[in-house]
Ligand SMILES: [Zn+2]
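Residue numbers (the working numbering): 3 to 429.
Right under this line is the structure:
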């Protein structure tokens, strides 16, 4: 069972939107017009081309580049070679998916159906494709890191994150999905067969590696976790000095477990008191940390009086162990406080991973499959009646997508030939 994405050769494909196939066919016969079209598209995107590191052309296409037409699977496409660094860029028109026979409009319908919760098998039935072909398309998009795609949308690398692991099943084994989220976007969706700190550090370390390629000085300042040991220790190992907060909603859900033997209605009542307490502390901006300490003490006393000293003492002990993490959340307004959105995403993705278990094969990559699902989660707009209807997660978080068409955005943003960093100055 492959656990990490396979390293691929440097792919310098650039997907270009030619609006329709006729325009493309007309431009094919006219090199000057073709190159001008591509240059105008690049300019509109604000992207550069990914030349080799040593190249002095600095990300631009020039008149000196070498242009060649090649036939690829019955279609004529252009290849452009930089005469300085010899990097070759393949210009892929928007109506073709790289190395796939499936057309983007077929993939679009199948992907939105799978994102909406339909099983891969049913998606394949309504779209007349094989489930394996759909699985492979998701994996192909998943070869590109979420960090690369999101920074191309202009989102800053997240300094405050939510790090959480979904416990899932794949085939018959227990597996774990270490995940990093900021607001409504997934920055990392990993796959691990082990729940050890080493395995989690390796998974989260993949996020850190790509993020530090984008910005070598990148550091996470604050992370919210549910307190799972491996998650906490991998955050500490990867981001020294990180402030670690504990999820408040998790705390709420844990309280009833501390009151074993107490009737359900009493436990429910105490849980809603605890909810009100945390909520009030969050609202009292300047005093909230001081307020929390006092209120926790009073609340534990109240539990001791209502349901007995043994329960009161158990809850006091629990507060002592956990309150540092809650203080961290309340002391820093930028810290995320709850993981609700992530939990919803996790549950949806978990169902897909489980539904896909028959497709994972020895040379397949769950990591690529999951990253592909993360792209869909970040880029497909919310439905009509949703809170942020018509916008995708990236846009809700303040990012910009290249076009109004999410499928085209997915194709463009996962093109290996683009980079969004400013070009180094010419010599
Ligand atoms: Zn070059």
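Every residue, glycine too, gets a C-beta built ideally from N, C-alpha and C.
All of these numbers come straight from a predicted model, not from anything done at the bench.
Strand pairing of residue 69, partner residues [DSSP]:
82
How about residue 43 and residue 22: do their beta carbons lie closer than 9 angstroms?
no
Which residues bound the beta strand (DSSP E) around residue 241?
Taken as a continuous stretch (DSSP letters only), residue 241 belongs to no beta strand (DSSP E), as it is neither H nor E.
Environment of residue 413 [buried if 16+ CB atoms lie within 10 Å]:
buried
Let me know the secondary structure DSSP gives residue 324 once reduced to three states.
helix
When every heavy atom of ligand 1 is checked, does at least one fall within less than 8 angstroms of the C-beta of residue 70?
no
Taking its Cβ as the centre, do 16 or more other Cβ atoms sit within 10 Å of residue 367, making it buried, or is it exposed?
buried
DSSP puts residue 184 in a beta bridge; with which residues?
187
Inspect the CB distances between the region 117 to 129 and the region 93 to 101 and report whether three or more fall short of 8 angstroms.
no
Contact check, residue 351 vs residue 381, beta carbons under 9 angstroms
no
For residue 396, the first and last residue of its enclosing alpha helix (DSSP H):
395 to 398
Run through the region 124 to 155 for me and flag every whole alpha helix (DSSP H) of 4 or more residues, listed as ranges in chain order.
133 to 143 and 148 to 154
Run through the DSSP bridge pairs and tell me what residue 294 is partnered with.
Answer by DSSP bridge pairing: none, since residue 294 is not bridged.
How would you call residue 390, buried or exposed, if buried means at least 16 neighbouring beta carbons within 10 angstroms?
exposed
Is it true that the CB of residue 38 sits closer than 9 angstroms to the CB of residue 185?
no
How about residue 86: is its Cβ closer than 8 angstroms to a heavy atom in ligand 1?
yes
Taking its Cβ as the centre, do 16 or more other Cβ atoms sit within 10 Å of residue 342, making it buried, or is it exposed?
exposed
Candidates 74, 282 and 401: closest to residue 293 by CA position:
282
Taking residue 251 as the reference, which of 271, 328 and 137 has the closest Cα?
328
For residue 17, three-class secondary structure by DSSP
strand
DSSP three-state assignment for residue 100, whether helix, strand or coil
coil
At which residues does the alpha helix (DSSP H) containing residue 438 begin and terminate?
Because residue 438 is not part of the residues shown, which for the chain are 3 to 429, the question remains open.
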